[in-house]
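The block underneath contains the structure these notes are about, expressed in structure tokens.
Residue numbers (our numbering), protein chains in the order written: chain A, 629 to 878; chain B, 151 to 393.
If you want it as structure tokens, here you go:
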């Protein structure tokens, strides 16, 4: 479980996050949604420690992450997997080397054990026999899947996903969403997903927080979203005629 | 300026923190040594032979007097090649070849979130990305400079043999006449610092890149320009301190 308490983040004079509090439970897909510039990615980066919050706390299973030094954070970081918007695979390494990389640094596994683990992770994301390819030889969807395989290599307790469907076609987006959902349920991972893809929201949004202008404007599930009175959320979710028509059918 | 200097010192300090696993870092050092050392041998060979040859021809032209022994061209050519041309010209060329590669490689990793991915994993990103490059630089640049000295002197010999301005026996006699071993020490001290300057400054520029492809190019350019300036600055300090 991850708790964030009263998170503020300021860049110069620009206050991006304004006192966000939320709890993300294990085994659930926790979605952070909002329009462009609402502070979603900044919040995610504050939670994982890529940005330091100006004020507030991030607590991983009772441990205050924000007050820890780099060294103190390492044991928690080993339990974190992250899928980046552009996958962030290491260009100079093959698919297999990308997955084995954290195992090389943080485990005492033998070479064959590491290879087995890499093969298992690749099979889990339906990318068998792609071990020796380089990231430049993969499609966008395949890169995302390799990113997921690398993220789960260390058997993480926490999975963070930044815009998993950006640049993907609708069919591949669903495949990625289902994969994240399966892994979350299977391994009881605390998954936090930043997205503005409404298919993801409606498909796998067990717990959703909606950010508007740096504040938490709404919190609920994908079942609640269609019946909300929140004007900002309605404007965001039902922005297109297609979604408005879908809402009327609901 | 002081902010930049402070950030640079902090980054270099972070780079030399205890590695997570020495074997992984050792592999990186070896890879960087091959990239910096073996990868630069071609360009260093070409410039060294030509500079050695040109230096010898010019010295022969300037000292064309019956009062000056012809062998002096060999001595002057040797000293200028070992003391200045091989270390400094090689370093300026390496700043272009190796420095721009380091800055753009690390800069690209920054803008494509690969450095963020390392940090999320709990890896000390400066240590993993920068320290192996610095170690490789301070080991391989002196080796390249030794290689350049040999080829520079060989270039001078070839110039004598081809143009006939100076007899090769005079050139060889000049090379052996009045040799002071300290010039090798000065050249290697220079090369050591040049290796550090090129790798650390360009890595710094790459590490703090923000934006996109345009900024990666700018980081590479800035890294090379600063490296060249600090190479010349270090050249002056070391020369005045040691000679």
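Cβ coordinates follow ideal geometry from the N, Cα and C atoms, glycine included.
### Query
Cα separation between residue 842 (chain A) and residue 645 (chain A)?
4 Å
### Query
In whole angstroms, what is the alpha-carbon distance linking residue 656 (chain A) and residue 372 (chain B)?
Their backbone Cα atoms lie some 47 Å apart in a straight line.
### Query
Mind checking if residue 263 (chain B) is an interface residue toward chain A, Cβ cutoff 7 Å exclusive?
yes
### Query
Who are residue 822 (chain A)'s beta bridge partners in DSSP?
A:660, A:790
### Message
For the ligand GDP, I want to know if residue 751 (chain A) counts as a neighbour, meaning its beta carbon is within less than 6 Å of at least one of the ligand's heavy atoms.
### Response
Absence of the ligand GDP is noted for the structure shown, with no ligands found whatsoever.
### Task
State the beta-bridge partners of residue 686 (chain A) as determined by DSSP.
Under DSSP, the beta-bridge partners assigned to residue 686 (chain A) are A:632.
### Message
Taking the straight line between their C-alpha atoms, what separation do you get for residue 386 (chain B) and residue 314 (chain B)?
### Response
35 Å
### Query
If you drop the 5 nearest sequence neighbours on each side, which residues of the same chain put their C-beta closer than 7 Å to that of residue 860 (chain A)?
840, 845
### Task
Residues of the segment 268-292 of chain B with a CB closer than 9 Å to any CB of chain C: list them in chain order, please.
Of the chains in the structure shown, none is chain C; the protein chains are A and B.
### Task
Pick out whichever of A:825, A:682, A:732 has its Cα sitting closest to the Cα of residue 641 (chain A).
The alpha carbon of residue 641 (chain A) has as its nearest neighbour, out of A:825, A:682, A:732, the alpha carbon of A:682.
### Task
Could you tell me whether the Cβ atoms of residue 733 (chain A) and residue 726 (chain A) are closer together than 7 Å?
no
### Message
Could you pull the DSSP bridge partners for residue 848 (chain A) from this structure?
### Response
Residue pairing from DSSP places residue 848 (chain A) in a beta bridge opposite A:836.
### Query
So is residue 170 (chain B) in contact with chain A if we call contact Cβ pairs under 7 Å?
yes
#### Entry: Beta-carbon spacing of residue 249 (chain B), residue 321 (chain B) below 7 Å
The answer is no: Cβ separation not under 7 Å.
### Task
Please list the segments of the alpha helix (DSSP H) lying wholly inside the segment 187-220 of chain B, counting only runs of 4 or more residues, in order along the chain.
189-212
### Task
Check whether the Cβ of residue 745 (chain A) lies closer than 7 Å to any Cβ atom in chain B.
no
### Query
In or out: residue 665 (chain A) buried (at least 16 other Cβ within 10 Å) or exposed?
A residue is called buried once 16 or more other Cβ atoms fall within 10 Å of its Cβ, and residue 665 (chain A), having fewer, is exposed.
### Query
Under the three-state reduction of DSSP, which class applies to residue 710 (chain A): helix, strand or coil?
strand
### Query
Which residue comes first and which comes last in the alpha helix (DSSP H) that contains residue 285 (chain B)?
281-313
### Counted within 10 angstroms of its Cβ, other Cβ atoms place residue 662 (chain A) as buried (16 or more) or exposed
buried
### Query
Counting contacts by CB-CB distance shorter than 7 Å, is residue 174 (chain B) in contact with chain A?
yes
### Query
So which residues of chain B does residue 714 (chain A) contact, with C-beta pairs closer than 8 Å?
Result: 262, 263.
### Task
Can you tell me which of A:778, A:703, A:668 puts its alpha carbon nearest to the alpha carbon of residue 170 (chain B)?
A:703
### Query
Taking C-beta to C-beta, are residue 832 (chain A) and residue 805 (chain A) nearer than 7 Å?
yes
### Delimiting residues of the alpha helix (DSSP H) encompassing residue 731 (chain A)
723-734
### Query
Looking only at its own chain, which residues have a Cβ that is under 8 Å from the Cβ of residue 676 (chain A), when we skip the five neighbours before and after it?
708, 710, 788
### Task
Spell out the partners DSSP gives residue 650 (chain A) in its beta bridges.
A:632
### Task
Measuring alpha carbon to alpha carbon, tell me which of B:288, B:240, B:173 ends up nearest residue 202 (chain B).
B:240
### Query
Within the 7 Å Cβ cut-off, does residue 730 (chain A) reach chain B?
yes
#### Entry: Inter-residue Cα distance where the pair is residue 740 (chain A) and residue 390 (chain B)
57 Å
### Task
Anything in the segment 735-761 of chain A with a Cβ closer than 9 Å to a Cβ of chain B? List those residues in chain order, please.
With the criterion set as a beta carbon lying under 9 Å from some beta carbon of chain B, the segment 735-761 of chain A has no members that meet it.
### Task
Return the Cβ separation of residue 220 (chain B) and residue 303 (chain B) in integer angstroms, given the expectation that the two are a contact with Cβ distance under 8 Å.
That belief does not hold up - the Cβ atoms of residue 220 (chain B) and residue 303 (chain B) are roughly 17 Å apart, past 8 Å.
### Message
Quick check: what's the CA-CA separation for residue 119 (chain B) versus residue 242 (chain B)?
### Response
No answer is possible for residue 119 (chain B): it lies beyond the span of chain B, which begins at 151 and ends at 393.
### Message
Could you tell me the alpha carbon to alpha carbon distance between residue 776 (chain A) and residue 383 (chain B), rounded to whole angstroms?
### Response
48 Å
### Query
Helix, strand or coil: how does DSSP classify residue 754 (chain A) here?
In the structure shown, residue 754 (chain A) sits in coil (DSSP, three-state: anything other than H, G, I, E or B).
#### Entry: Per-residue DSSP class, three states only, for residue 759 (chain A)
In the structure shown, residue 759 (chain A) sits in coil (DSSP, three-state: anything other than H, G, I, E or B).
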